[in-house]
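One structure is given here, and the rest of the page talks about it.
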């Protein structure tokens, strides 16, 4: 490869782009209901979506940020509902605390069991994760069925997540699953409505892991 | 693991959820300016974002869909700007035609060269890709600098992509990079404004690969 010598340099610095973006977000958002520790999460979600409506729709359990920081620092596992989240998250910071990011939706035993029960792989992988990991940060951006199953297991005392970031996107059950999440009295980060997705959950998680490193 | 026997079955079928979502999208969207071959892409983008405004903001070069189908069927490489897109795309369909999905932003030579030139890895990885692959489908959901560099190389006759899916999200240069893309007379799929992202680009690409398989 000789791509190194054929073009003139362009001075575009990633850190400058991010810093300028964050300033624009703060300016355009104006007044907001979020605390100083919640705001970096909202800011990064808006940065990842360019969607102020989505940012404003976010809801935090009062303990969410501190619980997330504590879980990461304790080296707890992050369980993602899909591979995209695992691919997008800044894994170095999580691994620096001894944790890691896992996703079980394509495990052969999960796929087999979902087929057998005629249900979603998301449900079965959630069940599997709650039995594999003590605590854990659940990062759900896609499958409402994963979130609903996790909520059921929490209610039945079969799961005790350190933090649930539950922001599945979609038209069937997504908003409803988040309505249910907001009723729980355990640490959660979510939003109201249909919007969400992998990039949004990654943004929230990256914001928290940055706080865990800096704080 | 004994997670297989502990819970009662839930009958939640993924295909039903998707079908119902697509019906809701068509109903809520109502009248729209898209052709029959463009609409499945818009529908899947709305499905991935729950954002009708984003769906309505999409713009297609008149040859975009047919060019994308032809490129996939010819086994052309899909070049993603970030790992999340590579993780999210339905790779089986692309590989079925002999193609694959590659991302070069974390290649050691790219990282080294970006540091040396004090520029973004996205720019350098785009340069590298245009020299590695003839044609190719460029899937850019994050880095406006990648899209701007690709546009420059196209204008200079140094790149001839089969299709550009250019929907970077962000506050600095994202909307502007898409404005530039829309001026090109080569196959592109893009949108107007700041919104976009990995999940959006994945949705568009998955819609096209589905058409390539079915058509």
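Protein chains in written order, with my numbering: chain A, 24 to 238; chain B, 24 to 238. We put the CB at the ideal spot given by N, CA and C, even for glycine. Since we're looking at a predicted model, the values are computed, not measured.
Query: Per-residue contacts from residue 44 of chain A into chain B (C-beta, under 8 Å); Result: 193, 194 and 195
Query: Endpoints, beta strand (DSSP E) assigned at residue 125 of chain A; Result: 124 to 126
Query: Interface flag, residue 221 of chain B vs chain A, CB-CB below 7 Å; Result: yes
Query: Short Cβ contact (7 Å threshold) for residue 160 of chain A with residue 191 of chain A; Result: no
Query: Limits of the unbroken alpha helix (DSSP H) element including residue 64 of chain B; Result: 62 to 72
Query: Contact set between the region 104 to 137 of chain A and chain B, restricted to residues whose Cβ is under 8 Å from the partner; Result: 105, 106, 107, 109, 110, 111, 132 and 136
Query: Inter-stretch contact (C-beta, 8 Å, three-pair minimum) for the region 183 to 197 of chain B and the region 115 to 124 of chain B; Result: no
Query: Candidates B:233, B:70, B:196 and B:61, of which the one nearest residue 50 of chain B by Cα; Result: B:70
Query: Inter-residue CB distance, residue 63 of chain A and residue 230 of chain A (contact presumed, cutoff 8 Å); Result: 5 Å
Query: Residues in the region 158 to 174 of chain B having any Cβ partner in chain A nearer than 7 Å; Result: 168
Query: Distance CB(residue 112 of chain A)-CB(residue 228 of chain A) smaller than 7 Å; Result: yes
Query: Chain-order list of residues whose beta-carbon lies under 7 Å from that of residue 213 of chain A (same chain, five-residue window excluded); Result: 82, 189, 190, 201, 204 and 205
Query: Expected contact under 8 Å - CB spacing of residue 221 of chain A and residue 165 of chain A to nearest Å; Result: 6 Å
Query: Delimiting residues of the beta strand (DSSP E) encompassing residue 162 of chain B; Result: 160 to 163
Query: Under 7 Å between C-beta atoms of residue 126 of chain B and residue 151 of chain B; Result: no
Query: Any chain A beta carbon closer than 7 Å to residue 79 of chain B; Result: no
Query: Proximal chain B residues relative to residue 234 of chain A, where beta-carbon distance stays under 8 Å; Result: Under the 8 Å cutoff, chain B gives no residues; its nearest Cβ is about 22 Å from residue 234 of chain A.
Query: Check whether residue 224 of chain A and residue 40 of chain B have beta carbons under 7 Å apart; Result: no
Query: Residue 139 of chain A to residue 197 of chain A span [Cα, whole Å]; Result: 24 Å
Query: Contacting residues, own chain, Cβ-Cβ under 8 Å from residue 45 of chain B (five flanking each side not counted); Result: 66 and 70
Query: Residue range of the unbroken alpha helix (DSSP H) whose run includes residue 155 of chain B; Result: 144 to 155
Query: Pick from B:88, B:153 and B:102 that is closest to residue 181 of chain B, judged by C-alpha positions; Result: B:153
Query: Any chain A beta carbon closer than 7 Å to residue 73 of chain B; Result: yes
Query: Contact set between the region 200 to 231 of chain B and chain A, restricted to residues whose Cβ is under 8 Å from the partner; Result: 216, 217, 218, 219, 220, 221, 222 and 225
Query: C-beta atoms of residue 147 of chain A and residue 136 of chain A nearer than 7 Å; Result: yes
Query: Start-to-end residues for the alpha helix (DSSP H) that takes in residue 134 of chain B; Result: 131 to 140
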